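Engineer:
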Amino acid sequence: MKLSKAYNSYELCKLIDAECSQQSSRLFDTLSTLSNPLPKSLGFILNDSDKHDFSPFGGLLVNKNFSQDIDDSIYIFRCDNVMHSLTKLLETISSYSEYKLLDNFYNVTVGENVTVGKNCILYPGVFINHNTHIGDNVIIHPNTVVGSDGFGLYKDHEKWQKIPHVGSVVIEDNVEIGSGTTIDRGLIDNTVLKNNCKIDNLVHVAHNVIIGCNTAIAACTGIAGSTIIGNNCTIGGGSGINGHISICDDVHIHGMSMITKSIKSKGEYASGMAADSVRNWRKNQVLFRNLYKKNR
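So the sequence shown is numbered by our numbering: it starts at 113 and just counts up by one.
Structure representation (structure tokens):
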């Protein structure tokens, strides 16, 4: 992600309220993430225990108590609150632009830098935010929102603060999206719906989610942020999928399932239990997961 301008270390420190390990004329004009690092870019570490290859980065935003050994060639910007500093940087990129009705489609509203491929059908009431890419043969049903801000917040002095989202949504070819569905744009990287995936009505796809080819998701499913769903999967209606997990290829999830951790083996998965107090539910879950041992 390109920054609004190129910053030297002094300018960055002033903008994001940070202290830098060294001062020089080196310029930073690109921001990227640990999962998709760009050469000589500025990155950020939210969890001090994260172990990654930091070598592609030119600089890193870290908390003041960050203690990992980092190569001297990488500039370290120590912040009181990394999310606060990152937000200041994202605010320089984020801007409110113009919207218009899309030519050749009735009552479809789009932002700037939106591309729509060949043979697409966009029904009335569809809203497509800035920098969205839509491939060929895509169908989007009425009142669906593509590219709204993700639910990104951090706490500063006990108050929730909004984190601007500057990523995009990429919808590849032969995708169909039902009515009233919301697909949030990414924070920095993109939210991606790959070729031939099918999304039903009233599905929520959060920021930075990736949905694989030929995957079908039924109505009222909620997918939390940064989750990756593989190819050839089916997800039954009303399912809830936790954030920051992955689901491998060829997984079939029954309706009303609650997926709390990554699925690494293909096959069918299901869950479901009547509501109870959290205390009782947790006890029952422990017993439930061990039931199979009693029948050996």
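Backbone N, C-alpha and C define an ideal beta-carbon position, used for all residues, glycine too. Small disclaimer: the values here were computed from a predicted structure and weren't measured.
Here's the rule I'm using: 16 or more other beta-carbon atoms within 10 Å means buried, otherwise exposed. How should Asn-219 be labelled?
Structural biologist: Indexing the sequence shown from 1 puts residue 219 at position 107. Asn-219 should be labelled exposed.
Engineer: Considering only the beta carbon of each residue, do Tyr-187 and Ser-121 sit closer than 8 angstroms?
Structural biologist: Working through the sequence shown from its first residue, we reach residue 187 at position 75. Working through the sequence shown from its first residue, we reach residue 121 at position 9. It is a contact, given that the beta carbons lie within the stated cut-off.
Engineer: Name the two residues that bound the continuous beta strand (DSSP E) containing Phe-140.
Structural biologist: Working through the sequence shown from its first residue, we reach residue 140 at position 28. Element bounds for Phe-140: 139 to 142.
Engineer: Is the beta carbon of Ile-275 less than 8 angstroms from the beta carbon of Lys-200?
Structural biologist: By 1-based counting over the sequence shown, the position of residue 275 is 163. By 1-based counting over the sequence shown, the position of residue 200 is 88. No; because the gap between Cβ atoms is not below 8 angstroms, this pair is not in contact.
Engineer: Output the boundary residues of the alpha helix (DSSP H) element that contains Leu-256.
Structural biologist: The sequence position of residue 256 within the sequence shown is 144, counting from 1. With the sequence shown as reference, residue 256 is identified as Thr, and Leu is not the correct amino acid for it. No alpha helix (DSSP H) contains Thr-256, which DSSP labels as neither H nor E.
Engineer: For the pair the segment 331 to 343 and the segment 303 to 321, tell me if three or more CB-CB distances fall below 8 angstroms.
Structural biologist: A contact exists between the segment 331 to 343 and the segment 303 to 321.
Engineer: Extract the residue ranges of the beta strand (DSSP E) inside the segment 306 to 348, only unbroken runs of 3 or more that lie entirely within it.
Structural biologist: List check, beta strand (DSSP E) in window: nothing returned.
Engineer: Looking at the structure shown, is His-196 part of a helix, part of a strand, or coil, going by DSSP?
Structural biologist: As a first step, residue 196 must be located in the sequence shown, where it is residue number 84. His-196: helix per DSSP, three-state reduction.
Engineer: Using the Cα positions of Gly-237 and Asn-255, report the straight-line distance between them to the nearest angstrom.
Structural biologist: Stepping through the sequence shown from its first residue, residue 237 is reached at position 125. Stepping through the sequence shown from its first residue, residue 255 is reached at position 143. Computed Cα separation, rounded: 4 angstroms.
Engineer: Three-state secondary structure (DSSP) at Ser-167?
Structural biologist: Taking the first residue of the sequence shown as 1, we reach residue 167 at position 55. Coil at Ser-167, not helix or strand.
Engineer: Going by other Cβ atoms of all chains shown within 10 Å of its Cβ, with 16 needed for buried, is Gly-348 buried or exposed?
Structural biologist: What you label residue 348 is simply residue 236 of the sequence shown in a count that begins at 1. By the neighbour-count rule (16 or more Cβ atoms within 10 Å), Gly-348 is buried.
Engineer: Please return the same chain residues whose Cβ sits closer than 6 angstroms to the Cβ of Ser-351, not counting the five positions on each side in sequence.
Structural biologist: As a first step, residue 351 is located in the sequence shown; it is residue number 239 there, counting from the start. Cβ within range, chain order: Thr-333, Ile-365, Ser-369.
Engineer: Given a threshold of 16 other Cβ atoms within 10 Å of its Cβ, counted over all protein chains shown, does Met-385 qualify as buried or as exposed?
Structural biologist: For the purposes of this step, residue 385 is identified with residue 273 of the sequence shown, where counting begins at 1. Label assigned to Met-385: exposed.
Engineer: Cβ of Gly-279 within 8 angstroms of Cβ of Leu-299?
Structural biologist: In the sequence shown, residue 279 corresponds to position 167, counting from 1. In the sequence shown, residue 299 corresponds to position 187, counting from 1. It is a contact, given that the beta carbons lie within the stated cut-off.
Engineer: Tell me the rounded alpha-carbon separation between His-242 and Val-304.
Structural biologist: Walking along the sequence shown from the start, residue 242 turns up at place 130. Walking along the sequence shown from the start, residue 304 turns up at place 192. Rounded to whole angstroms, His-242 to Val-304 spans 15 angstroms at the Cα level.
Engineer: Let me make sure I understand the geometry here. Which of Asn-392, Thr-294, Val-363 has the alpha-carbon closest to that of Ala-328?
Structural biologist: Here the question's residue 328 lines up with position 216 in the sequence shown. Ranking Asn-392, Thr-294, Val-363 by Cα distance to Ala-328 puts Val-363 first.
Engineer: Can you list, in chain order, the residues of its chain with a C-beta nearer than 7 angstroms to that of Glu-224? Leave out the 5 residues immediately preceding and following it.
Structural biologist: The residue you call residue 224 lines up with position 112 of the sequence shown. Taken in chain order, the residues that qualify are Ser-209, Glu-210, His-242.
Engineer: Which value, in whole angstroms, describes the spacing of the CA atoms of Ile-295 and Tyr-235?
Structural biologist: Numbered from its first residue, the sequence shown carries residue 295 at position 183. Numbered from its first residue, the sequence shown carries residue 235 at position 123. Going from the Cα of Ile-295 to the Cα of Tyr-235 covers about 16 angstroms.
Engineer: Would you tell me roughly how many angstroms separate the C-alpha atoms of Leu-158 and Val-174, rounded to the nearest one?
Structural biologist: To locate residue 158, count along the sequence shown from 1; it is residue 46. To locate residue 174, count along the sequence shown from 1; it is residue 62. Approximately 7 angstroms, taken between the alpha carbons.
Engineer: The alpha helix (DSSP H) spanning Gln-460 covers which residue range?
Structural biologist: Outside the shown range of the chain, which is 113 to 408, sits residue 460, and nothing can be said about it.
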